[in-house]
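A short worksheet on the structure shown next.
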Amino acid sequence: MMTIDDEKRNLYENICEMKDGSIEQMCLITMYSLGSYFKSLFTFGSSNKVTRDNLNIIKEMFKIIKTERTLLNYILQNIDKFDIAATQEVVEMLDDVNDKTVLYYYDVINGIEDAAELKEEHRGYRPRCGFPTLIEDSSYAGEVIALGENLESLKSFLDFEEEFWEFIKDKTKKVDTSIEIMEKMVYAIPIYNEEGYVVSLQLMIPRISNLESALLAIKIYKKAYDIYKMIGKKYDKDNLDDSAILQERYKNSYLSRKVKNLLGLKSVK
């Protein structure tokens, strides 16, 4: 049976292979794109958009590989802190989007070469990409950043008063299993007195190891906080705020700021 150390070693080696492979991919893309550039330059001229797109491919691929290496290096630097299973899933996601990206750019280059050989410019127009690349969508980097999220970081994001966290400390249980099972097990429920007033609460939260579990924890903590604010009052489920807005802010604002800092971006989408 494979141990945690074995899994960590395999993950480390896989990431190193991905980094080495990205250098080879960049060299090949550059070589093929330059070859396509000169063919389209001869056929369409230097100012033609099909010709110029060859150089765009090189620039974009360079940015993509630079972003990927930054994310992989971040994982390597924190591999002892991250949950191995969750990290493996994120690395597989990065590997998958890399494979699809490389195939897409080869298709673009092949289309440009066909256009130059047949002298039909429209054949060189870039087809629509069926997925966002690493430089077009910050959600990939958000998944990487979320590997390092924990209770303290969620407390900072949620910004609930310290009295709440102290109150629920001995009323909280944790569950650690797959996200599909945790979604069915977690809860935040009110405790009533004989008159039906809320006097306390109990909650079960997921162990935070990735983006999905962090979002699930936010949902439960938000419900628990709303119940906490009802202590001494009748429970009114209609006064529970929708956590979806809070979850979106976590992804699109809080994590995006962390992505921006990691990647050194002026803005992220």
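For the sequence shown, my numbering assigns the number 1267 to the initial residue and increments by one for each residue that follows. Using N, Cα and C, we set each Cβ at its ideal position, and we do this for glycine too.
Residue i at chain C interface by Cβ criterion, 8 angstroms
{"i": "E1415", "result": "Here chain C cannot be found, since the structure has a single protein chain."}
Proximal residues to residue i (C-beta, below 6 angstroms), its chain only, five neighbours per side dropped
{"i": "E1279", "result": "none"}
{"i": "Y1520", "result": "F1423"}
{"i": "E1409", "result": "V1356 and L1477"}
Length of the line joining the Cα atoms of residue i and residue j
{"i": "G1498", "j": "L1424", "result": "23 angstroms"}
{"i": "V1374", "j": "Y1494", "result": "56 angstroms"}
{"i": "V1368", "j": "L1277", "result": "22 angstroms"}
{"i": "N1505", "j": "K1439", "result": "24 angstroms"}
{"i": "S1405", "j": "T1333", "result": "13 angstroms"}
{"i": "D1380", "j": "I1323", "result": "16 angstroms"}
{"i": "T1336", "j": "Y1516", "result": "22 angstroms"}
{"i": "V1452", "j": "E1283", "result": "38 angstroms"}
{"i": "L1420", "j": "T1353", "result": "19 angstroms"}
{"i": "E1432", "j": "I1471", "result": "16 angstroms"}
Extent of the continuous alpha helix (DSSP H) run through residue i
{"i": "T1336", "result": "K1315 to Q1343"}
{"i": "R1523", "result": "L1521 to L1529"}
{"i": "L1294", "result": "I1270 to F1310"}
{"i": "I1434", "result": "E1428 to I1434"}
{"i": "L1420", "result": "L1417 to L1424"}
{"i": "G1408", "result": "S1405 to A1412"}
Three-state secondary structure (DSSP) of residue i
{"i": "K1440", "result": "strand"}
{"i": "F1348", "result": "coil"}
{"i": "L1360", "result": "helix"}
{"i": "E1386", "result": "coil"}
{"i": "E1402", "result": "coil"}
{"i": "G1377", "result": "helix"}
Contacting residues, own chain, Cβ-Cβ under 7 angstroms from residue i (five flanking each side not counted)
{"i": "M1327", "result": "M1292, I1295 and Y1371"}
{"i": "T1309", "result": "A1382 and K1385"}
{"i": "L1529", "result": "T1333, T1336 and A1407"}
Own chain partners of residue i with C-beta closer than 8 angstroms, once the 5 adjacent residues on each side are dropped
{"i": "S1509", "result": "I1484, K1485, K1488 and K1489"}
{"i": "H1388", "result": "A1381"}
{"i": "K1437", "result": "S1466, L1467, Q1468 and L1469"}
Next item on the list: Could I get the ranges of all uninterrupted beta strand (DSSP E) runs contained in the stretch 1447 to 1518, with 3 residues as the minimum, in chain order?
Entry: Runs of the beta strand (DSSP E) lying entirely within the stretch 1447 to 1518, each at least 3 residues long, are 1453 to 1458 and 1464 to 1472 in chain order.
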